[in-house]
Amino acid sequence: MLDWLQNIGKKSLRGFESTGRAAMFFVAVVRGMDVALIRFRLTLREIYSVGVLSIVIITVSGLFVGMVLGLQGYVNFAKFNAEESLGIFVALSLVRELGPVVTGLLYAGRAGSALTAEIGLMKTTEQLASMEMMAVDPIRRIIAPRFLAGIISMPLLAAIFSAVGIFGGYFVGVGLLGVDSGSYWSQMQANVDFSGDIVNGVIKSVVFGIACNWIALYQGYDAIPTAEGVSRATTKTVVHSALAVLGLDFVLTALMFGDI
Amino acid sequence: MTTRFMEITVGLFVVMGAAALFVLAMNVSNFGSLSSKEGYYLTAYFENIGGLKVRSAITVSGVRVGQVSDIVFDPERLQAKVTIKIDNDHDYFTLDTAASIYTAGLLGEQYIALEPGAEDDTLTDGDEIEFTQSAVVLEEIISKFISNASTS
Chain A
58 MLDWLQNIGK KSLRGFESTG RAAMFFVAVV RGMDVALIRF RLTLREIYSV
108 GVLSIVIITV SGLFVGMVLG LQGYVNFAKF NAEESLGIFV ALSLVRELGP
158 VVTGLLYAGR AGSALTAEIG LMKTTEQLAS MEMMAVDPIR RIIAPRFLAG
208 IISMPLLAAI FSAVGIFGGY FVGVGLLGVD SGSYWSQMQA NVDFSGDIVN
258 GVIKSVVFGI ACNWIALYQG YDAIPTAEGV SRATTKTVVH SALAVLGLDF
308 VLTALMFGDI
Chain B
-14 MTTRFMEITV GLFVVMGAAA LFVLAMNVSN FGSLSSKEGY YLTAYFENIG
36 GLKVRSAITV SGVRVGQVSD IVFDPERLQA KVTIKIDNDH DYFTLDTAAS
86 IYTAGLLGEQ YIALEPGAED DTLTDGDEIE FTQSAVVLEE IISKFISNAS
136 TS
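The listed protein sequences correspond, in order, to chains A and B.
Plus 57 on top of the position in the first sequence (first one is 1) and you've got my numbering.
Just so you know, my numbering puts 22 at position 37 of the second sequence, and the rest follows in order with no gaps.
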């Protein structure tokens, strides 16, 4: 009985500690952002590794998600003779939800896990410790540029995802299934609001970018410096990021579109 | 990988992202048609606005000339007061213009159709459209139809 209680106590204490460390880490990263901004070249290299290298997976997934939306939407709208609404359906689902969310999930898998493994390995091989020895703050030199790069990349990736997806829906809906091209675009333009839908989608992707990078970098920085520890941290990054993206998406959707 | 190659690809990435946002703004949303045009405001009172919403379209002969900017209930007249914004280049609405709420398609969105009349003077900013026709509520028609059918 007491062992059981002790177990619960230990686990919750560890949870609190970890949350606290994550919060401290976040504050430290935000405060260490100055180097990443002044020496933007450092950030540029990270934008390359998290953003540019993710373009292919984002574009391909966006295209297929858009095509599936076009196909599924058409099948259902055709029952009501409302095929013209396909454009609205594809655009709104992509811009509001699927663009930011799927980009967040893919980002966590493609870039977040790589970040964790990289930082974790740097810790394991004591590169971070040796930087500290040389009076170089690893948070400023290593973590902050990656964090900033992720926040910059995420909205761009989400925008690419949505735009490609809308064209994917266009190919299937207009190209293959014969929806009128004019009504696809005009219905979309009439019903998608710039400030209400597109700006909110961008805000979502920025929030997901912060969440994913925070989790990925924290897990790497906090990893147990062994091979096993790094692998566990990488797994945690993907799981936690996915949960965070989906959970935050619900909260943000409720805040942004809850009253409509 | 040289620094130059990396910087070029990052530049390309940022340009692609910006282009995607631009496409979303101009091609997908109403950003291109919405904010740019100046307009003037008219009001109209309706018994029932049905499913009319803010930003619903205002059309003349099916051509979009503006949008609904505000809908409130006027407690004095016990009617819905709809403020509409007409683009400035459409300044030919006569004093006896009629406004009717129609539905696009069977289940489509509702919009206001304007029909200019025969008078010479035109409506200007802040004027009221006197001749209005409310939205057709499907249930009303059905219930009328049923009561007619049962009495005859």
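Glycine included, every Cβ here is placed at the ideal spot set by N, Cα and C.
CB contact flag (residue i, residue j, <9 Å)
i: Gly72(A); j: Phe228(A); result: no
i: Ile209(A); j: Ala85(A); result: no
i: Val236(A); j: Gly119(A); result: no
i: Gly277(A); j: Glu189(A); result: no
i: Ala98(B); j: Gly36(B); result: no
i: Leu80(B); j: Asp110(B); result: no
i: Val264(A); j: Ala165(A); result: no
i: Val48(B); j: Val67(B); result: no
i: Gly127(A); j: Val147(A); result: yes
i: Ala65(B); j: Ile34(B); result: yes
i: Leu163(A); j: Ile114(A); result: yes
i: Ser240(A); j: Glu141(A); result: yes
i: Ala134(B); j: Ala220(A); result: no
i: Leu149(A); j: Gly222(A); result: no
Opening and closing residue of the alpha helix (DSSP H) in which residue i lies
i: Tyr227(A); result: Ala201 to Tyr227
i: Ala366(A); result: Here chain A covers residues 58 to 317 and nothing more, so residue 366(A) does not appear.
i: Tyr96(B); result: Looking at the DSSP string, Tyr96(B) is not in any alpha helix (DSSP H); the run it does join, the beta strand (DSSP E), is Gln95 to Glu100.
i: Lys136(A); result: Ile112 to Lys136
i: Ala83(B); result: Careful: Ala83(B) lies outside any alpha helix (DSSP H), inside the beta strand (DSSP E) at Ala83 to Thr88.
i: Val86(A); result: Leu59 to Arg88
i: Ile139(B); result: No answer is possible for residue 139(B): the residues shown for chain B start at -14 and end at 137.
i: Phe146(A); result: Leu143 to Leu149
i: Phe97(A); result: Phe97 to Glu103
i: Met245(A); result: Ser238 to Asn248
i: Asp306(A); result: Ala284 to Phe314
i: Ala103(B); result: Premise fails: Ala103(B) is in no alpha helix (DSSP H) and is neither H nor E.
i: Thr160(A); result: Gly156 to Tyr164
i: Glu189(A); result: Gln184 to Met190
7 Å Cβ cut-off: residues of chain A touching residue i
i: Leu6(B); result: Ala216
Terminal residues of the beta strand (DSSP E) in which residue i lies
i: Gly51(B); result: Val48 to Asp59
i: Tyr275(A); result: Looking at the DSSP string, Tyr275(A) is not in any beta strand (DSSP E); the run it does join, the alpha helix (DSSP H), is Val256 to Tyr278.
i: Tyr25(B); result: Gly24 to Phe31
i: Lys66(B); result: Gln64 to Asp72
i: Phe7(B); result: First-last for Phe7(B): Thr(-12) to Val8, but that is the alpha helix (DSSP H), not the beta strand (DSSP E).
i: Thr117(B); result: Phe116 to Gln118
Within chain A, partners of residue i - CB distance below 8 Å
i: Thr(-6)(B); result: Tyr105 and Val109
Closest by C-alpha distance to residue i, when choosing among the options
i: Gly51(B); options: Phe78(B), Ala4(B), Gly2(B) and Glu125(B); result: Phe78(B)
i: Ile260(A); options: Phe314(A), Asn64(A) and Gly77(A); result: Phe314(A)
i: Asn73(B); options: Asp59(B), Leu27(B), Val13(B) and Leu9(B); result: Leu27(B)
i: Leu205(A); options: Thr181(A), Gln63(A), Ile104(A) and Asn248(A); result: Ile104(A)
i: Ala3(B); options: Leu213(A), Gly66(A), Val263(A) and Met190(A); result: Leu213(A)
i: Val249(A); options: Val13(B), Tyr30(B) and Met1(B); result: Val13(B)
i: His297(A); options: Val263(A), Leu178(A), Thr76(A) and Ile115(A); result: Thr76(A)
i: Ser41(B); options: Gly24(B), Asp106(B) and Lys70(B); result: Lys70(B)
i: Gly177(A); options: Ile199(A), Gly161(A) and Val159(A); result: Ile199(A)
i: Ala216(A); options: Leu9(B), Ile(-7)(B), Ser54(B) and Arg(-11)(B); result: Leu9(B)
i: Thr181(A); options: Val264(A), Tyr275(A), Ile281(A) and Trp271(A); result: Ile281(A)
i: Tyr275(A); options: Val302(A), Ile255(A), Ala290(A) and Phe137(A); result: Ala290(A)
i: Leu287(A); options: Ala201(A), Gly232(A), Met179(A) and Glu74(A); result: Reading off the sequence shown, one finds Val at residue 287(A), where the question assumed Leu. Of the listed residues, the one whose Cα sits closest to Val287(A) is Met179(A).
i: Lys293(A); options: Ser106(A), Leu172(A) and Leu101(A); result: Leu172(A)
i: Asn257(A); options: Asn270(A), Ala311(A), Ala299(A) and Phe224(A); result: Ala311(A)
i: Pro202(A); options: Leu300(A), Leu101(A) and Asp60(A); result: Leu101(A)
i: Ser46(B); options: Ala83(B), Phe31(B), Pro60(B) and Leu63(B); result: Ala83(B)
i: Pro157(A); options: Val132(A), Val308(A) and Gly266(A); result: Gly266(A)
i: Arg98(A); options: Phe31(B), Arg(-11)(B), Glu104(B) and Arg62(B); result: Arg(-11)(B)
i: Val92(A); options: Leu300(A), Glu74(A) and Val193(A); result: Val193(A)
i: Asp106(B); options: Thr88(B), Thr(-6)(B) and Asp76(B); result: Asp76(B)
i: Thr116(B); options: Glu23(B), Met(-9)(B), Glu32(B) and Val(-5)(B); result: Position check: residue 116(B) holds Phe in this sequence, whereas Thr was assumed. Ranking Glu23(B), Met(-9)(B), Glu32(B) and Val(-5)(B) by Cα distance to Phe116(B) puts Glu32(B) first.
i: Gly225(A); options: Asn138(A), Gln129(A), Gly66(A) and Ala80(A); result: Gln129(A)
Chain B contact residues for residue i, given Cβ-Cβ distances below 8 Å
i: Ile112(A); result: Phe(-2) and Met1
i: Leu101(A); result: Met(-9), Glu(-8) and Val(-5)
Residue i beta carbon near the ligand PLP (any heavy atom closer than 8 Å)
i: Ala171(A); result: Inclusion of the ligand PLP in the displayed structure is not the case, the ligand content being empty and no account of it being possible.
Cross-chain neighbours of residue i in chain B, by beta carbon under 7 Å
i: Met245(A); result: Val13
i: Leu213(A); result: Phe(-2), Val(-1) and Gly2
Within chain B, the residues that residue i reaches when beta carbons sit closer than 9 Å
i: Ile255(A); result: Leu6, Leu9, Ala10, Val13, Ser14 and Phe16
Residue i at chain C interface by Cβ criterion, 9 Å
i: Ala98(B); result: Absent here is chain C; the protein component of the structure consists of chains A and B.
Against chain B: residues of the segment 173 to 201 of chain A by CB proximity under 9 Å: The segment 173 to 201 of chain A vs chain B, Cβ under 9 Å: nothing.
Residues within the segment 220 to 231 of chain A neighbouring chain B, beta-carbon criterion of under 7 Å: When C-beta distances to chain B are compared with 7 Å, the residues of the segment 220 to 231 of chain A below that value are Ala220 and Ile223, in chain order.
Could you run through the segment 146 to 167 of chain A and flag, in chain order, every residue whose CB is less than 7 Å away from some CB of chain B? Listed by position, the residues of the segment 146 to 167 of chain A near chain B (Cβ gap below 7 Å) are Ala148 and Val152.
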